[in-house]
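Residue numbers (this note's numbering): 1083 to 1506.
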């Protein structure tokens, strides 16, 4: 089964807890803290695998979860970092953040890989908090929560040449003749449901890949049929082989067919519309071919059109040679357009407060990633840990801002769903 789009949730591993511990050997007076740090949680990594051709493996993995890092221990023993989870995906996979629709990574090279969710750092043990003023801290941290992300993955077939055209114009038949690909071929009145990929080998040992893309119809760029799903595959190709059924044996008009497909390409993407195009008039062995061919050339006098017959192989060699030469002329073209890759870059234009304070139902609600992270990593069962949490809030200016907003001693404050009392 060919699957070219999936949506999944990834949850990186949490960091391990730091340890609160002290040396207690009989003959070591004032041994001091020896609690180790927790290990880092496992990252979720997507890596390229050229042997894969579909995203079907991801279709059945709705949630991918990393492993938790090991907890720190006494005697200065740090917890072990968790192993990363590596997910193999085919070349041509574009990974999007589903919430922002920004591209995280476009995986087009064999060594491409990307961390799509970062594991949480391990909590620090009490040894890490020892200072001259407090040489024996009685607190440590919990591990940081792993990153949670919703992803959308799209596969866009990587091919040098993409064959486009109306259904049943002979795209699959041509691919079977020029390569060792074995697409299903019959007198279908419907289109192929997935791209087929073949490799063309020339006599001079040059090779290039050709994709038979599912047939397009009018309205494809707007989602009619399956066109909008498969135009993305054409977007990757360096050259478009635009195939026209010049026999018109099913009552179609070759001139109108060409006009319709060109319109859909232009509506879908301006970059797609200006790609190098080779027009192929198929079914040269049909009696109606020559008459329609002349009409077509008269309607489009500036187009270079190659007539072929996949049944008799007439015109095939000339077409393949022309494709090969055209690819050499476009050798520096990438498999994607420059404006397609806008990987997520977060730029901080100004220093922003790490929190917000709002008044809701007589409660002061404090929100912010930094504060929530601090809350989640604090061990409130350890008195010194709770005191450190309060000091950190004061250092961030939370108490001063509460006072400026009119908070009074005894007011209730909500952080991460938990109630605290404001002392003023």
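Yeah, the Cβ is synthetic: ideal placement off N, Cα and C, and Gly gets one too.
Please tell me whether residue 1218 and residue 1104 are closer than 8 Å, where the distance is taken between their beta carbons.
It is a contact, given that the beta carbons lie within the stated cut-off.
Name the DSSP beta bridge partners of residue 1115, please?
Residue 1115 pairs with 1104.
Go ahead and label residue 1407 buried or exposed: buried means 16 or more other beta carbons lie within 10 angstroms of its beta carbon, across all protein chains shown.
That one is exposed.
Evaluate residue 1378 with the Cβ neighbour count: other Cβ atoms within 10 Å of its Cβ, from every protein chain shown; 16 or more gives buried, anything less gives exposed.
Buried, by the Cβ-count rule.
Name the residue from 1223, 1135, 1168, 1178 whose alpha carbon lies nearest to the alpha carbon of residue 1118.
Checking every option, the nearest Cα to that of residue 1118 belongs to 1223.
With DSSP as the reference, identify every bridge partner of residue 1250, one or two as the case may be.
In the DSSP output, where bridge partners are listed per residue, residue 1250 has none listed.
Once the 5 residues before and after residue 1280 are set aside, which same chain residues still bring their CB inside 6 Å of it?
Hits under 6 Å: 1257, 1261, 1263, 1292.
On the CB-based measure, 16 or more other CB atoms within 10 Å of its CB, does residue 1101 come out buried or exposed?
Here residue 1101 is buried. Its C-beta has 16 or more other C-beta atoms within 10 Å.
Determine, using beta-carbon pairs with one atom in the region 1442-1458 and one in the region 1472-1488, whether at least three such pairs fall under 8 Å.
The region 1442-1458 is in contact with the region 1472-1488.
State whether the region 1171-1180 contacts the region 1227-1243, with contact taken as three or more CB pairs (one from each stretch) at a distance under 8 Å.
Cβ pair count under 8 Å is three or more, so yes.
What separation, rounded to the nearest whole angstrom, lies between the Cα atoms of residue 1142 and residue 1168?
Going from the Cα of residue 1142 to the Cα of residue 1168 covers about 16 Å.
Between the alpha carbons of residue 1246 and residue 1319, how many angstroms are there, rounded?
One alpha carbon belongs to residue 1246, the other to residue 1319, and they sit about 11 Å apart.
For the candidate residues 1505, 1164, 1499, 1386, whose alpha-carbon lies nearest to that of residue 1472?
The option with the nearest alpha carbon to residue 1472 is 1505.
I'd like to confirm the pairing. Which residues does DSSP put opposite residue 1449 in its beta bridges?
Paired residues: 1438.
Measure how close the beta-carbons of residue 1123 and residue 1202 come, nearest whole angstrom, since I'm counting them as under 8 Å.
About 4 Å separates the CB atoms of residue 1123 and residue 1202; that is less than 8 Å, so the two are in contact.
From residue 1495 to residue 1228, what distance separates their C-alpha atoms?
About 26 Å.
Quick one: residues in its chain with C-beta nearer than 6 Å to the C-beta of residue 1412, no 5 flanking neighbours on either side, listed in chain order?
Closer than 6 Å at the Cβ level, and outside the excluded window around residue 1412, lie 1320, 1358.
Residue(s) in a DSSP beta bridge with residue 1292
Beta-bridge partners of residue 1292 (DSSP): 1243, 1280.
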